[in-house]
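There are 2 protein chains.
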Amino acid sequence: MTVSITDVAEATGVSASTVSRALRGRPGVSEEMRARIVEVAAELGYTASRSASSLASGRTYTIGVVVPYVGRWFFGTVLDAAEKVFSAAGYDVLLYNLGSPEARKRFFTKLPIRKRVDAVLSLLIPDPEEAAALCSLGVPLATTVGGARPGFTVVGIDDRGGAENAVRHLVNLGHRRIGMISGASEPLHWTTPLDRRQGYLDVLADAGIEPDAALEADGGYTVEGGERAMTELLALRHPPTAVFAQSDEMAMGALRALRRHRLRVPEDVSVVGFDDHELSEVVGLTTVAQPVAAQGREAARLLLARLEGPNTVSPRPVEMPIRFILRETTAPPHTGRQR
Amino acid sequence: MTVSITDVAEATGVSASTVSRALRGRPGVSEEMRARIVEVAAELGYTASRSASSLASGRTYTIGVVVPYVGRWFFGTVLDAAEKVFSAAGYDVLLYNLGSPEARKRFFTKLPIRKRVDAVLSLLIPDPEEAAALCSLGVPLATTVGGARPGFTVVGIDDRGGAENAVRHLVNLGHRRIGMISGASEPLHWTTPLDRRQGYLDVLADAGIEPDAALEADGGYTVEGGERAMTELLALRHPPTAVFAQSDEMAMGALRALRRHRLRVPEDVSVVGFDDHELSEVVGLTTVAQPVAAQGREAARLLLARLEGPNTVSPRPVEMPIRFILRETTAPPHTGRQR
DNA sequence: CCTGGTTGCGCAAGCGTTTGCGTTCAGATT
DNA sequence: AATCTGAACGCAAACGCTTGCGCAACCAGG
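So the protein lines, in turn, are chains A and B.
The C-terminal position of the first sequence is numbered 339 in this note's numbering, with every residue numbered one higher than the one before it.
The C-terminal position of the second sequence is numbered 1339 in this note's numbering, with every residue numbered one higher than the one before it.
Here it is in structure tokens:
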């Protein structure tokens, strides 16, 4: 039926051990013999059974990647980049998409990943319990989100600095009432929304602007949430003249809300996002870009390095560069007609 | 070190076979014994080694999913939905991201998937050779793209009918010069662009409009490609007054090109897309929606059905409903000032 | 009390690799 | 010429699980 290692051993007239060594480039096989074996194996269309080989060797040559939503641009992009690195290095990737609470719970209680992977890249923010579960796997861990976490190799960006750039831009344009559409603040372990908020507050303080809690609305990192949040802000007695959205998706939701309210951007309201979503250029959104694919690549590379070399996790997160991108959704506040 | 089945067996005072049967719900174990074993296993934190179990049983409880680009909205969304179905059924998913030609070649020559999966869902269009390679795996196959293919369970949409809807809408508005931004026409096995083009041609013929090859530009299914294509169309001696883009991404590129040319949408040019991308609503794009996630779910379900029941592939593709969505990028042609 | 059929469980043979160790043999060293 | 060395390869024991078969023990029917 399907060709096994002994088939190619017999066909070559050697033992299975020699075939194994030859095919995996291990020493102890003469070059001519190796060549013959490789040829015969190719001829027979032999591929080693991963199950058998990982059972015998303990290595799976598989990386587990766990993400909250593969469908979302950010995660899809990171995954895309990371997968390329892994597969180029000969690793397969096992995907766990943990969007729903049930899926998440099932994953962390049953840990189907156990004994199945050599390392894991987590793109979701584990709570302390979940992090402990991952650590208990005893394999190298990495992440590109949520900041430092013991045992994890983390590559990220300067969220606070990025937010400062965005908000400072608005301040420099002359805005004083600056709203913020923030991300889900629920999981406290997930520092990104907190850091971005801090950047926002820092700049306000710097500019001598009194922060106003009413100007912060939660958008849950989705387009719809952004729209809702913007709608809330517009319902305020004194709506903001500019809005900093903690993600481009939420910024786009805000744009939609503004259009529904027949408000012009940037004439009536300025909007600045964060992330540089692939479609942000299309809508002309001013934003701060983070190298999403590069983060995935880097995290994957570091993970592989830990796998092949000494398994040491750097204490400080790797920080990737960010870049402010001026486009068309920001302008000085409209001092003329007031709503 | 890590707890194995014999550990559970010893701790319970039974044999490993009984533990195996008990944990997998096989007959031949009394209920009270099963309960005890389950309890002990949970206590010890036992998880069966997949490698060992699939080596012994031949089943991997893993589905291979191969996609061209995980990062792109369409594929990410299909994958997201399919993964949920698979994991809920107890299957893991092995992801192969074959964007680059090298990755693709490596995959199809080495077929690392062999002996690693129980079934595969392919979201890329295999050429005949690649399709044969997949068939040679001897496992159930499914796809959500590219139409009928022997051996594959396929779930798709009525591409031709959808295109007809879109173009008829433009015709009804009074447009006569209707351009088309088409998808990559390269792989001939991939029928979607052809079908959508046919729908376009059908409606033109129906309306007594002479098709003009100059009005078709290739956008390669990307935002940038769409922008280039639109730019080409605008450079024409008689540019179209409306454009049908075969995908929303290309439509968005077209919108960008139009904005760059200081043309208003829909006053100067109407644009209609195809797919209903998650951000199409944000930009107000008129389009024809296809149920992307639902297709992924359905394909996954059918695949699992083939896996558990009799392995029969339905001869006709499953067709999911489409829906025309009128938004704000289409209007009657501007008969006033002409460029 | 002896059959014949269940039911519940253990035995042991795999599944296809990897790998430590042992063997053989040619060539180099004394 | 006897010994040592290293390279090239084979043997066989894992790795952790599944599963066909066998074997007690038990129950009901004659």
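The beta carbon of each residue, even a glycine, is placed where N, CA and C say it ideally should be.
Close-in-space but distant-in-sequence residues of the same chain around residue i (CB under 8 angstroms, 5 per side omitted)
i	result
A/D80	A293, G296
B/A953	In the structure displayed, chain B extends from 1001 to 1339; residue 953 of chain B sits before or after that span and is not available.
A/T222	E249, M250, G253
A/I5	A16, V19, S20, Y46, A48
Residue span of the beta strand (DSSP E) that contains residue i, given as start and end
i	result
B/N1097	1092 to 1097
B/E1216	1216 to 1218
B/L1121	1119 to 1122
B/S1270	1270 to 1272
B/E1319	1318 to 1320
A/L141	141 to 143
B/A1289	1287 to 1289
A/V154	152 to 157
Residue range of the unbroken alpha helix (DSSP H) whose run includes residue i
i	result
A/R323	Looking at the DSSP string, A/R323 is not in any alpha helix (DSSP H); the run it does join, the beta strand (DSSP E), is 323 to 325.
A/I178	Segment 178 to 182 is the beta strand (DSSP E) holding A/I178; no alpha helix (DSSP H) there.
A/I5	5 to 12
A/V283	280 to 283
B/T1109	1101 to 1110
B/E1210	Here B/E1210 belongs to no alpha helix (DSSP H), and DSSP marks it neither H nor E.
A/P128	128 to 135
A/S30	That residue, A/S30, is in no alpha helix (DSSP H); it is neither H nor E in DSSP.
A/V223	223 to 234
B/K1084	1073 to 1088
A/E249	248 to 260
B/A1048	It is not in any alpha helix (DSSP H) - B/A1048 carries neither H nor E in the DSSP assignment.
A/A331	Here A/A331 belongs to no alpha helix (DSSP H), and DSSP marks it neither H nor E.
Residue i beta carbon near the ligand PLP (any heavy atom closer than 7 angstroms)
i	result
A/P310	With respect to the ligand PLP, the structure offers nothing, as it holds no ligand at all.
Other residues of its chain near residue i: CB distance less than 7 angstroms, five sequence neighbours each side excluded
i	result
B/V1203	E1164, V1167, R1168, V1171
B/P1073	Position check: residue 1073 of chain B holds Trp in this sequence, whereas Pro was assumed. Closer than 7 angstroms at Cβ, skipping near neighbours: H1277, E1278.
B/P1101	none
B/E1130	F1108
A/G118	The identity of residue 118 of chain A in the sequence shown is Asp, whereas the question assumes Gly. R59, T60, Y61, T62, I63, V139, L307.
A/Q198	R160
A/I125	V145, G146, P187, H189, W190
Own chain partners of residue i with C-beta closer than 6 angstroms, once the 5 adjacent residues on each side are dropped
i	result
B/Q1338	Below a pLDDT of 50, predicted positions are generally treated as unreliable, and B/Q1338, at 45, falls in that range; the measurement from the model is reported next regardless. Contacts found: none.
B/L1304	A1089
A/M230	A254, A257
A/G174	P332, P333
B/G1336	With a pLDDT of only 49 at B/G1336, under 50, the local geometry of the prediction cannot be trusted, and no value is derived from it.
B/R1196	D1159, A1163, Q1246
A/A205	none
For residue j and residue i, believed in contact at Cβ under 8 angstroms, the rounded distance
i	j	result
B/A1331	B/S1270	6 angstroms
B/G1183	B/Q1246	5 angstroms
B/G1064	B/I1322	At roughly 28 angstroms, the Cβ-Cβ gap does not stay under 8 angstroms, so B/G1064 and B/I1322 are not in contact.
B/V1070	B/N1097	5 angstroms
A/A22	A/M33	7 angstroms
A/D7	A/L44	6 angstroms
A/V155	A/V318	4 angstroms
A/I181	A/A213	About 14 angstroms; that fails the 8 angstroms criterion.
A/A300	A/A82	4 angstroms
Proximity winner among the options, relative to residue i (alpha-carbon distances)
i	options	result
A/G220	A/D158, A/T241, A/G253	A/G253
A/I325	A/M250, A/P317, A/T287	A/T287
A/R50	A/R256, A/R24, A/G226	A/R24
B/P1333	B/A1251, B/A1242, B/L1055	B/A1242
A/L121	A/T153, A/V70, A/S53, A/S57	A/T153
B/G1099	B/F1086, B/P1112, B/F1075	B/F1075
B/I1113	B/L1141, B/D1127, B/I1125	B/L1141
B/P1266	B/V1066, B/E1043, B/A1048, B/T1329	B/T1329
B/E1298	B/K1084, B/E1224, B/T1012	B/K1084
A/A52	A/D159, A/R116, A/A300	A/R116
B/P1240	B/T1143, B/R1228, B/L1215	B/L1215
A/S87	B/Y1091, B/R1106, B/S1087	B/R1106
A/R259	B/D1275, B/T1143, B/V1145, B/R1327	B/R1327
B/F1244	B/L1285, B/E1281, B/R1237, B/R1149	B/L1285
In DSSP terms, what residue i is bridged to
i	result
A/V65	A/L95, A/L121
A/T191	DSSP output for A/T191 lists no bridge partner at all.
A/A242	A/I178, A/S270
B/G1296	According to DSSP, B/G1296 bridges with nothing at all.
B/D1275	B/A1289
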